[in-house]
Amino acid sequence: RGARPAPAPSPAPPPPHRFPRDTMGDAGKGAKIFKTKCSQCHTVEAGGAHKQGPNLNGLFGRTAGTVDGYSYSAANQGSGITWGEDTLFDYLLAPKKYIPGTKMVFAGLKKEKDRRDLIEYLKQSTA
């Protein structure tokens with residue numbers, strides 16, 4: 002009897018809550034999520050009005066708390082976050098945990114697929 006070979010190491014798990022790059026979201030489903038959960042407080046079109054929340058046009062690559070004409074919380078302004086797929090994926094899970102002190106009242110989207118779909122919609126609608 003020979004010695005058994007050591008089992009192959011398992012691949013490292015992905016970091017928690019990172020945007021899953023192997024699966025794109027569905028922008029059509031994301032549009033429905035935006036309409037039902039976000040549009041009462043946000044707009045996406047260029048030049049769109051601020052509502053209870055800021056206009057989201059140009060969101061990707063922007064530093065949090067920097068849109069002219071919107072009154073952000075100090076927590077949001079001081080967060081140092083640059084919005085992208087990863088930061089939005091984490092933020093949309095639980096905004097008040099991601100930025101303690103934010104004035105965003107949305108509880109979050111628990112399902113990863115819903116967050117992927119919403120992010121895909123936002124990538125297309127806010128560019």
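Residues 2 to 128 (my numbering) make up the sequence shown, in order. Virtual Cβ for every residue (Gly too), placed ideally from N, Cα, C. Just so you know, these numbers come straight off a predicted model, no measurement behind them.
Let me know the secondary structure DSSP gives Thr64 once reduced to three states. For the purposes of this step, residue 64 is taken as the residue at position 63 of the sequence shown. Three-state result, Thr64: strand.
DSSP three-state assignment for Thr24, whether helix, strand or coil: Locating residue 24 in the sequence shown gives position 23, where the first residue counts as 1. The answer is coil: DSSP assigns Thr24 none of H, G, I, E or B.
Looking only at C-alpha atoms, which of Tyr71, Tyr73, Phe90, Ala65 sits nearest to Ser80? By one-based count along the sequence shown, residue 80 stands at place 79. Comparing Cα positions, the closest option is Ala65.
Minimum C-alpha distance to Pro101 - residue among Asp115, Ala76, Leu93: The count along the sequence shown starts at 1 and reaches residue 101 at position 100. Measuring from the Cα of Pro101, the nearest candidate turns out to be Ala76.
Measuring alpha carbon to alpha carbon, tell me which of Tyr99, Leu119, Gly59 ends up nearest Ile82. In the sequence shown, counting from the first residue as 1, residue 82 sits at position 81. Among Tyr99, Leu119, Gly59, the Cα nearest to that of Ile82 is on Tyr99.
Regarding Lys114 and the ligand ZN, is the C-beta to nearest heavy atom distance less than 8 Å? With respect to the ligand ZN, the structure shown offers nothing to examine, as it has no ligands at all.
Just how far apart, CA to CA, sit Lys38 and Asn56? Indexing the sequence shown from 1 puts residue 38 at position 37. Indexing the sequence shown from 1 puts residue 56 at position 55. Cα to Cα, Lys38 sits roughly 15 Å from Asn56.
Give me the residue from Lys97, Thr103, Glu46 with the minimum Cα distance to Leu110. On the sequence shown, position 109 is the one that residue 110 refers to. Checking every option, the nearest Cα to that of Leu110 belongs to Lys97.
Can you list the alpha helix (DSSP H) stretches of 4 or more residues lying completely in the stretch 24-49, in chain order? 28-34
Distance cutoff 9 Å, beta carbons only. Does Met105 sit that close to anything in chain B? You won't find chain B in this structure, because it holds only one protein chain.
Grouping DSSP H, G and I as helix and E and B as strand, with all else coil, what is Thr103? If you number the sequence shown from 1, residue 103 lands on position 102. DSSP places Thr103 in coil when its eight states are reduced to three.
Cutoff 7 Å; reference Lys104; Cβ partners in own chain excluding five residues on either side: Counting from one through the sequence shown, the residue named residue 104 turns up at place 103. Closer than 7 Å at the Cβ level, and outside the excluded window around Lys104, lie Ser74.
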